[in-house]
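K.L.:
Counting from 1, position 123 in the sequence shown corresponds to residue 123 in the working numbering; the numbering is continuous, with no gaps. Note that the Cβ used here is the ideal one computed from N, Cα and C, for glycine as well. These numbers come from a predicted model, not from an experiment.
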Amino acid sequence: MPFAPTSPPPRRVLPLIVLAQFGGTSLWFAPNAVMPAWQRDFGLPPEALGWLSAAVQAGFVLGTLVFSLLALADRLPARRVFVTCALAGAACQVATLFVPAGPHALLHLLLLRVLTGFLLAGIYPVGMKIVAQWHPQGIGPALGWLVGALVLGTAAPHLLRGLGASGDWPPVLVGVALLATCSAALMAWAVGDPPLSLALRAAPPRAKLGWRQLAANPALRASAGGYFGHMLENYSFWVLVPLIVAPRLDGAAAAYAAFGAIAAGGLGCVLGGRWVARGGRPSTGRSARVAAAMLACSGCCAIVSPWALAAPDAIFALWLGLWGFSVAGDSPQFSALNAHHAPPAQVGQVLTAINGIGFSLSILSIEISTRLATQMPLAWVLPGLALGPMLGLLGMRTLLSRSG
């Protein structure tokens, strides 16, 4: 039974949606946690890490475009879309268990990763829509938790690998499939329906997306520029984390270290959101400053990586944790800034377009960085990731000057 639309949502709703997002987004980079085992069992080349990582990103871009063009999350109940995509994503992980080794194994794996990315477009963005249905006054305070759930979900396969510690990859993918199934169950039976008046409200007519008008919006151009710089770095860092820890650790220890480095970004998302909302009211100026600080911090971590890679263990761990904390900590702020500066009648379309461009840039960055990592030492590759934060900071100059 939906609650009265004038009353605040039950306290249980946001934590349950966050848990569902965590389980659903564990599908994102599951193969990265078991890539050495896949290369051994399927005979994959070293470049497969980049190809499979980029494949899920490409599937996500395609999915967001299809979901947006068909307005699936508006035409159908958002919870049903989430549940269907989470269950189908779990099935993709199980299907991987039946991929035969041989010359066509890589093609089968690539297709499954593209399909998984496509289905993630019905999990992560749709989860945000569900939160918006429960919080019609705005999801700003919840953004840090939602993006934090994405970060933790991305890190979860590394934790599962560490808990197994056997070197076999099937248990990890089965665990990811179970997490996605649990996320579907939470969304289906525990979250409940949003306010009736909001759920039945007709969607406003879709305004034509005027690219010239958007390009002429300096604030939106600045926030999008910062986001694009963030995307050039973030996912490439996540993909390279197992390679960063491999020279020092192996087995369960390496898996736990990779989990900790990526999961630190979830803490960055939550703490960044708390700082922006201090005083009880979020501020776009504080959002811009937090995003810029995170970009600057992660960029510095990339620049000093040649020294950090050779540093004592304690300094290495501090550097890797700080990089993980800051590389994702700006993501909720850019989402909030892009939504705030977009024309009110075009927020959904603008965010879809900006996210599509951002994830397309991440494909390029992943492919370049992983290919270089197979040809030269990481100490030469990682500083190049600083290009993203540098371009992001340059792009958001207008926002920073406005925020003082």
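1. Helix, strand or coil: how does DSSP classify Q133 here?
2. Among R402, V151, L69 and A95, which residue has its Cα nearest to the Cα of F22?
3. DSSP on P103, reduced to helix/strand/coil?
4. Applying the 10 Å Cβ sphere with the 16-neighbour rule, what's the burial state of F334?
5. How many angstroms separate the CA atom of A101 from the CA atom of D41?
6. Are F228 and H158 close, meaning C-beta to C-beta below 7 angstroms?
7. Are G162 and A255 touching if we call contact CB-CB under 7 angstroms?
8. Just to confirm the assignment, what range does the alpha helix (DSSP H) spanning A379 have?
9. On the premise that S287 lies in contact with M396, defined as a C-beta separation below 8 angstroms, what is that separation, rounded to the nearest angstrom?
10. Examine chain D for any beta-carbon lying closer than 7 angstroms to the beta-carbon of V94, and answer yes or no.
11. Would you tell me roughly how many angstroms separate the C-alpha atoms of A33 and P242, rounded to the nearest one?
12. Between C92 and T64, how many whole angstroms is the CB-CB distance? I'm expecting something under 8 angstroms.
13. Would you grab the beta carbon distance between A20 and L186 for me? Rounded to a whole angstrom, and I think it's under 8 angstroms.
14. Return the CA-CA distance between T398 and G285, expressed in angstroms with no decimal places.
15. Does DSSP put D330 in a helix, a strand or coil?
16. Tell me which same chain residues have a C-beta within less than 6 angstroms of the C-beta of G266, skipping the five on either side of it?
17. Expressed to the nearest angstrom, what Euclidean distance is found between the alpha-carbon atoms of L378 and I244?
18. Just checking my contact of A55 with L110 at CB under 8 angstroms: how many whole Å lie between their CB atoms?
P.N.:
Checking against the coordinates, here is how it stands:
1. One-based indexing of the sequence shown puts residue 133 at position 133. Correct three-state label for Q133: helix.
2. For the purposes of this step, residue 22 is taken as the residue at position 22 of the sequence shown. When only C-alpha atoms are compared, the closest one is V151.
3. The count along the sequence shown starts at 1 and reaches residue 103 at position 103. It is coil, neither helix nor strand.
4. In the sequence shown, counting from the first residue as 1, residue 334 sits at position 334. Counting Cβ neighbours within 10 Å, F334 comes out buried, since at least 16 surround it.
5. Taking the sequence shown and counting its residues from 1, the one referred to as residue 101 is at position 101. Taking the sequence shown and counting its residues from 1, the one referred to as residue 41 is at position 41. Distance between the alpha carbons of A101 and D41 is about 7 angstroms.
6. On the sequence shown, residue 228 is found 228 positions in, with the first residue counted as 1. On the sequence shown, residue 158 is found 158 positions in, with the first residue counted as 1. No, the pair does not count as a contact, with Cβ atoms beyond the cut-off.
7. Counting from 1 along the sequence shown, the entry for residue 162 is found at position 162. Counting from 1 along the sequence shown, the entry for residue 255 is found at position 255. Yes, these two residues count as a Cβ contact at 7 angstroms.
8. Counted from its first residue, the sequence shown places residue 379 at position 379. Start and end: L378 to V381.
9. Taking the sequence shown and counting its residues from 1, the one referred to as residue 396 is at position 396. Taking the sequence shown and counting its residues from 1, the one referred to as residue 287 is at position 287. Wrong, their Cβ atoms sit about 11 angstroms apart, outside the cutoff.
10. Among the chains in the structure shown there is no chain D, since it carries only a single protein chain.
11. The count along the sequence shown starts at 1 and reaches residue 33 at position 33. The count along the sequence shown starts at 1 and reaches residue 242 at position 242. The alpha-carbon atoms of A33 and P242 are separated by roughly 7 angstroms.
12. Numbered from 1 along the sequence shown, position 92 holds the residue referred to as residue 92. Numbered from 1 along the sequence shown, position 64 holds the residue referred to as residue 64. About 18 angstroms; that fails the 8 angstroms criterion.
13. By 1-based counting over the sequence shown, the position of residue 20 is 20. By 1-based counting over the sequence shown, the position of residue 186 is 186. About 4 angstroms; that satisfies the 8 angstroms criterion.
14. Locating residue 398 in the sequence shown gives position 398, where the first residue counts as 1. Locating residue 285 in the sequence shown gives position 285, where the first residue counts as 1. Approximately 11 angstroms between the Cα atoms of the pair.
15. Walking along the sequence shown from the start, residue 330 turns up at place 330. D330 falls in the coil class under three-state DSSP.
16. Translated into the one-based positions of the sequence shown, residue 266 becomes position 266. G148, V151 and L152.
17. Locating residue 378 in the sequence shown gives position 378, counting from the first residue. Locating residue 244 in the sequence shown gives position 244, counting from the first residue. L378 and I244: Cα-Cα distance of roughly 7 angstroms.
18. For the purposes of this step, residue 55 is taken as residue 55 along the sequence shown, with counting starting at 1. For the purposes of this step, residue 110 is taken as residue 110 along the sequence shown, with counting starting at 1. Correct: roughly 5 angstroms between the Cβ atoms.
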